[in-house]
Amino acid sequence: MLSVGGQEKKIISIVGSGGLGKTTLAKAVYDKLININGRFDCWAFVPVGQNPDQRKILRDILIDLLKPTNAINALVNTRFSLGDLMELDEKQLIDELREQLQGKRYFIVVDDIWERSMWRTVDLAFVDGNCGSRLLTTTRKSEVSKEIGEVYKLHELSDNNSKKLFHSITFGGEEKHPCSDELDKVSNTIIKKCGGLPLAIVTIAEVLARKPIEEWSNVYNSIGFGPDDNKVEDMKKILSFSYYDLPSHLRTCLLYLSTSPEEQFIEKRELILRWIAEGFIHEERGKASFDVGDNYIHELVDRNLVIPVEDKRSGILQGCRVHDMLLRLIRQLSTEENFAVALGKDERSSVEQSKIRRLALLMLTKETNYKDMPRLRSFNATICFTELIPPVCSFKVLRVLVLEYCIGMEGYPIKHIAKLLHLRYIGLSHTPVRKLPKEIGHLKFLQTLLLDDTGIKELPSSVRLLKQLMCLRVDEKTRVPDWIGEMTSLVELEMYHEVLPDLVIRETPPVQKQEMHSGADNKCSIRRFVKELGNLRNLRVLKTGLHLQDQGQGREFLESLSKLHKMQDVSILLPAAFLEMDMGTEPRFALSSLRTLELLNLQFSKLPAWMNGECLPNLCKLKVLLTDADEQDVGNLGTLRQLRDLTLVITRYHRLKLTVCGCGGFDSLIFLHGGPLQFVPETMPRLENIIFSITVFELRDAKISFDFGLENLSSLQCLTVGLDCADASPEEVEEAEAAIRHAVDTHPNHPSLLVKRSNEDKMGPVDADSRIFSRKMYKMLQDSTLNEQIKKLNDQIDVQNNCNSTLYNQAQEMAHTIPQGHPSIAKIQWTSVYVVEMVVLRKQLVDTFQTINDTSDPDQLMQHIKLQERLFDLYKVENKRMAAIVEELKAELKISDNVADAEEKGEH
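Counting from 1, position 155 in the sequence shown corresponds to residue 187 in our numbering; the numbering is continuous, with no gaps.
Right, dumping it as structure tokens:
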């Protein structure tokens with residue numbers, strides 16, 4: 033329904049009862065369509081819920097459009113911080129959305145709409161620019177769906193499909209059946225009571241799968257189904273039974289999720305740290321508390337009581353969501369058991385203030401009177417103006433404090449948090465706190481301190497006294513202290529020695545405008561910071577930015593990394609420049625727990641010996657920069673059996689197409705960014721998405737075909753190819769693109785294809801000598817250092833300059849034989865704008881030449897190279913112009929000679 037139709041905006045509304053899988057279906061469609069290359073310019077998936085705030089919905093759409101995966105985010109991110117968005121009213125948000133969506137092909141899902149009035153407001157933002165945009169909504173109400181657009185009614189599962197789903201969970205396969213008539217009868221009775229609702233079926237099936245078959249009848253009787261078929265009530269009873277069937281520790285952990293906003297993504301590590309702070313998790317024999325908490329989440333996922341959210345590429349569990357029907361149940365149970373109270377907007381609690389133990393406030397619009405709460409252990413305020421929330425200094429036994437996305441911190445008494453001596457968890461993410469109290473070191477039990485996107489420039493020195501601190505996340509411009517190596521209890525560290533803020537990937541816009549953070553601002557030198565990282569032996573997660581200066585620092589960084597045997601996720605973001613690292617003396621790694629490795633601050637001369645399946649057996653995601661690679665390197669990467677997401681950037685290609693061995697390897701790989709590679713049969717059996725680039729003239733000159741063996745990739749779904757057109761003829765570029773399109777068209781999966789051309793303005797001239805020269809120069813630059821490149825470019829510029837002089841002299845000599853006033857003579861005498869720029873560039877290069885001779889700074893060297901490359905390109909353009917003039921003059925002389933000959937014959 034979404035795929036058909038013209039360029040006009042199209043809206044589909046999925047309607048059906050709760051638990052049918054509307055959101056699951058919408059998410060599956062969303063994931064499929066946004067992964068089709070070039071299909072949409074931007075996209076968003078926004079949940080609504082039963083009691084929505086219309087401003088929040090509009091704001092959430094804008095925030096989703098700001099995510100790094102969206103093409104639109106570059107436009108919006110420079111204009112708005114989260115604080116800006118919080119201040120906008122409905123009309124301003126609608127106007128902003130209309131402006132950002134104008135002229136773009138967008139795909140937006142609005143999930144779980146309850147009221148027509150809400151849709152009428154949000155729909156005002158969705159412009160129809162005849163770009164082929166698509167909107168998908170879900171709702172339980174047929175009257176709402178009819179007003180929205182074309183209706184797709186989702187029906188309950190048939191009896192046969194219900195049985196298949198039930199049997200696949202309880203007996204381990206769709207085709208497996210109960211082993212006796214009595215068991216078959218009990219199964220059918222239970223399935224019937226599920227009413228064809230997938231949520232009910234999978235929930236009760238997970239309960240039964242953990243119990244002996246002879247107890248199934250008792251389970252059915254214990255649920256307390258009534259004689260009538262009431263799907264909603266039966267669904268509630270199944271969910272309630274599933275909750276009470278949990279072990280007591282999991283019931284407590286599930287109840288804690290009642291404080292989360294409806295449809296909210298719950299980050300896994302933050303949730304585990306909150307459970308630990310509340311005392312819900314204790315170390316088991318041979319297992320750290322964090323591992324125990326990780327097991328708890330996976331058990332809730334396995335029981336279908338929370339919806340898992342995984343990284344699409346690596347498959348790593350990022351967090352979870354709670355189904356709205358289950359959320360309402362656990363909120364009711366939480367209130368009844370006086371476990372926690374969650375309030376939104378103008379809601380008020382029926383629980384007496386003095387008895388409240390956990391309080392969550394969401395999007396307050398009025399000031400609360402919640403001040404007398406002597407038993408309060410946990411306080412959460414999300415998207416609130418601080419003038420409306422109570423001062424936390426009165427909550428003397430508080431263990432968990434969360435102020436996220438809160439606005440107006442100037443007058444809020446944040447300094448008093450240092451007096452709350454029982455605090456274990458402080459979360460201030462995306463709230464402009466700007467300064468922590470100096471006395472924060474008094475919080476001896478503090479385990480978690482989240483300060484990302486707060487504007488805090490310096491940590492108080494007393495933070496070093498927090499010896500139980502497990503997680504520390506700071507702002508990207510927070511100065512690195514000189515005592516980080518003392519925090520030996522750290523499990524997670526996010527701290528940037530140097531980083532460009534645009535490269536910090538976040539799910540939402542920052543609360544304030546960002547600046548580049550320079551390593552020069554830090555108290556801790558880069559060498560000391562790198563060394564002290566090696567002291568953090570409990571570290572599992574490291575996210576940082578490092579501008580390593582030399583080979584010694586590079587080796588020290590790798591040595592520190594090799595000592596962190598518990599490490600699971602390493603993300604080193606791209607700094608101002610990366611370090612070229614020669615391999616051969618690097619330390620050998622054996623990090624068996626490592627799942628994610630993103631090393632964007634180093635460019636290895638070749639693949640490190642430790643990047644293989646033996647040393648990194650659990651690696652799922654890898655981003656690595658190499659100077660060069662060969663088939664053996666590709667084979668070593670293929671031994672990483674768990675690898676699902678690979679970004680392999682190779683800066684120099686001695687081999688223009690590497691062959692992927694077909695003798696096994698890459699068994700789990702789903703996403704590949706890098707290449708080009710030659711795929712042979714029986715290789716990469718699960719690979720779905722490929723991004724690679726080719727330099728057309730290189731392959732053509734080497735007589736290498738544009739056939740990459742795509743037909744051997746049995747799971748291929750998406751392909752993105754970059755074509756560098758520089759120095760290739762238009763015919764060669766067309767040939768390359770046609771070959772790739774043919775491979776895609778004939779592939780049995782018919783994968784989506786996006787071809788991106790670059791340097792079309794630098795396609796080579798027809799003149800054969802010029803083509804040979806340009807290609808020769810390009811190949812020389814492929815294998816050289818920065819200083820070597822400067823020298824070679826100087827030589828090539830001199831050659832081009834001599835060529836230019838020769839062409840100009842030829843033109844001048846021929847011009848003497850042509851009558852004065854001829855148009856060709858005017859062309860010779862005309863000075864193009866390129867010549868003016870060339871003179872300016874030559875002067876700049878002379879001025880900077882002495883500077884680069886006295887420095888090894890790669891930034892200055894690269895700047896000089898850019899000037900040289902620009903001058904070289906201008907010479908090519910000018911020489912092409914002069915060559916054309918010479919040819920024109922030759923033709924003119926030939927015509928003149930023919931006319932003279934004819935006249936001479938006529939006279940005779």
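Idealized CB from N, CA, C, for every residue including glycine.
Quick check on the burial criterion: 16 or more other C-beta atoms within 10 angstroms. Buried or exposed for residue i?
i       : result
Asp-144 : buried
Gly-48  : buried
His-529 : buried
Pro-423 : exposed
Ser-366 : buried
Ala-641 : exposed
Ala-622 : exposed
Leu-453 : exposed
Arg-569 : exposed
Glu-924 : buried
Asn-412 : buried
Ala-374 : buried
Within the same chain, show all residues whose beta-carbon is closer than 7 Å to that of residue i, passing over the 5 residues directly before and after it, in chain order.
i       : result
Leu-129 : Leu-90, Ile-93, Leu-94 and Ala-157
Ser-177 : Ser-45, Val-47, Thr-171 and Val-183
Ala-843 : Ile-860, Met-914, Ile-917, Val-918 and Leu-921
Leu-571 : Leu-522, Val-523, Leu-525, Leu-596, Lys-598 and Met-599
Ser-426 : Lys-403
DSSP on residue i, reduced to helix/strand/coil?
i       : result
Gly-551 : With a pLDDT of only 48 at Gly-551, under the threshold of 50, the placement of this residue in the model should not be trusted; the figure read from the coordinates follows. Gly-551: helix per DSSP, three-state reduction.
Arg-329 : According to the sequence shown, residue 329 is Ile rather than Arg. The answer is helix: DSSP assigns Ile-329 an H, G or I state.
Ile-772 : helix
Asp-507 : coil
Asp-127 : helix
Trp-307 : helix
Pro-713 : coil
Trp-248 : helix
Met-914 : helix
Ala-106 : At Ala-106, the pLDDT of 36 sits below 50, so the modelled position is not reliable; the number obtained from the coordinates is stated separately. The answer is helix: DSSP assigns Ala-106 an H, G or I state.
Leu-565 : helix
Asp-144 : strand
Pro-79  : strand
Met-613 : strand
Glu-763 : helix
Leu-185 : According to the sequence displayed, residue 185 carries Lys and not Leu. Strand at Lys-185.
Gly-459 : strand
Among residues of its own chain, excluding the 5 on either side of residue i, which ones have a beta-carbon nearer than 8 Å to its beta-carbon?
i       : result
Gln-583 : Leu-611, Met-613 and Asp-614
Gly-227 : Glu-188, Asp-261, Lys-263, Asp-266 and Met-267
Asp-326 : Lys-300 and Ile-304
Glu-295 : Pro-79, Val-80, Gly-81, Asp-143, Asp-144, Arg-353 and Asp-356
Glu-720 : Ile-702, Phe-703, Ser-747, Leu-748, Gln-749 and Cys-750
Phe-477 : Leu-453, His-454, Leu-455, Arg-456 and Gln-500
Please return the same chain residues whose Cβ sits closer than 6 Å to the Cβ of residue i, not counting the five positions on each side in sequence.
i       : result
Ser-943 : Since the first residue shown for the chain is 33 and the last is 940, residue 943 is missing from the structure and cannot be characterised.
Asn-67  : Cys-750
Val-506 : Leu-483 and Met-527
Asp-665 : Leu-639
Below 8 Å on the Cβ atoms is my guess for residue i versus residue j; work out the distance and round it to an integer in Å.
i       : j       : result
Thr-291 : Ala-241 : Contact doesn't hold; Cβ gap of about 30 Å is too wide.
Asp-733 : Leu-690 : Incorrect: roughly 18 Å between the Cβ atoms, too far for contact.
Pro-469 : Ala-450 : 4 Å
Phe-729 : Ile-829 : With 8 Å as the limit, Phe-729 and Ile-829 do not qualify as a contact, their Cβ atoms being about 20 Å apart.
Arg-676 : Ser-700 : 5 Å
Arg-456 : Arg-431 : 5 Å
Val-141 : Leu-117 : With 8 Å as the limit, Val-141 and Leu-117 do not qualify as a contact, their Cβ atoms being about 20 Å apart.
Ile-223 : Ser-194 : 5 Å
Leu-755 : Arg-789 : 5 Å
Gln-479 : Ile-308 : 6 Å
With DSSP as the reference, please indicate the residues paired to residue i in a beta bridge.
i       : result
Cys-750 : Asn-721 and Ser-784
Val-573 : Glu-524 and Asp-601
Cys-74  : Tyr-138
Ala-374 : Ala-392
Pro-340 : Cys-352
Thr-628 : Asp-601 and Lys-653
Does any CB atom of chain B fall closer than 8 Å to the CB of residue i?
i       : result
Phe-589 : Checking the listed chains, one finds no chain B in this structure; it contains a single protein chain.
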